[in-house]
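*Asks:* Sharing a structure, written as structure tokens. Questions coming.
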Amino acid sequence: VRNATDPASEDFWQYASRDGWDQRQVESSIVAFSLWLVAHKLMDKFTPQERKNIQNWLASCTAFTDHGNNWELFTAVNHAARMALSERWPEFEGDEKSFRSDLEVIDRMYAGDGWYHDSLDGAEYDYYNFWVFASHTLYWDMMVGERFPELRKKYRTRVKKFLETTPYFFGANGSHILFGRSLIYRWGTLSPLMLAYRLGLWPYSIGLLRRICNSNLA
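Mapping the sequence shown onto the working numbering, position 67 (from 1) lands on 75, and the numbers just tick up by one.
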């Protein structure tokens, strides 16, 4: 992380594009959430300038704002992580206005019953209902949900509705009917189930959750 976010390092990840779509905008959400998860162990090992480098790289991944689809949740999580980290480390700063704007776009894709369309034109349902819409709303919930109780209530209600039917998407051997272009998509189907259990939102037994996760990974 120290080298990847340092512009002077040969291992620098490079800043994300300010003018268009950039895969860094996607990956930054997981980088940001992961940093928040281990911040109590990791962040004080960085110098103030190194923390500023991390802030600058994450901020570059939210500079482009004209996505208009599920990518809005990637930038929302990025902002949420930096807002949460700023409570202890002043080098970090997230933008609440941008965070709310991202979620307003997500709301326009909501299809009811806990499910989302994959775009504003309402034409598709796909893997992102597990990996992005369910998982990423729980990521920001964990980081800043207490700050935004009205948003937390709305999205938790949707996730709980979504979880009611998720067991039906897994076969008895753990297989599921969805497909994706990468391993993170495949593993991502389990993320909202595990996160929901951690937050007390999983509506079924721990035994069913364990069976789904163990058999799916196997």
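Built from N, CA and C at the ideal position, the CB exists for glycine as well.
Who are the Cβ neighbours of Arg32 in its own chain at under 6 Å, not counting the five residues just before and after it?
*Replies:* Within the sequence shown, residue 32 is the residue found at index 24, counting from 1. These residues qualify, in order along the chain: Ala24, Cys69.
*Asks:* Can you check DSSP and say which residues form a bridge with Gly120?
*Replies:* Within the sequence shown, numbered from 1, the residue matching residue 120 stands at position 112. Trp123, per the DSSP bridge assignment.
*Asks:* Taking the alpha-carbon positions, what's the Val140 to Val152 distance?
*Replies:* The count along the sequence shown starts at 1 and reaches residue 140 at position 132. The count along the sequence shown starts at 1 and reaches residue 152 at position 144. Rounded to whole angstroms, Val140 to Val152 spans 17 Å at the Cα level.
*Asks:* On the DSSP bridge assignment, give the partners of His184 in chain order.
*Replies:* For this step, residue 184 is matched to residue 176 along the sequence shown. DSSP lists Phe178 as the bridge partner or partners of His184.
*Asks:* For Leu225, is the classification buried or exposed, using 16 other Cβ atoms within 10 angstroms of its Cβ as the cut-off for buried?
*Replies:* On the sequence shown, position 217 is the one that residue 225 refers to. Result: exposed.
*Asks:* Report yes if the CB atom of Arg164 is closer than 8 Å to the CB atom of Leu209, and no otherwise.
*Replies:* Indexing the sequence shown from 1 puts residue 164 at position 156. Indexing the sequence shown from 1 puts residue 209 at position 201. Going by C-beta atoms, Arg164 is nearer than 8 Å to Leu209.
*Asks:* Would you kindly check if the distance between the Cβ of Leu128 and the Cβ of Gly76 is under 8 Å?
*Replies:* One-based indexing of the sequence shown puts residue 76 at position 68. One-based indexing of the sequence shown puts residue 128 at position 120. Yes. Within cutoff.
*Asks:* Rounded to a whole number of angstroms, what is the C-alpha to C-alpha distance between Leu217 and Met202?
*Replies:* Walking along the sequence shown from the start, residue 217 turns up at place 209. Walking along the sequence shown from the start, residue 202 turns up at place 194. Distance between the alpha carbons of Leu217 and Met202: 8 Å.
*Asks:* In the DSSP assignment, the alpha helix (DSSP H) including Asp110 goes from what residue to what residue?
*Replies:* Locating residue 110 in the sequence shown gives position 102, where the first residue counts as 1. Taken as a continuous stretch (DSSP letters only), the alpha helix (DSSP H) holding Asp110 covers 104 to 115.
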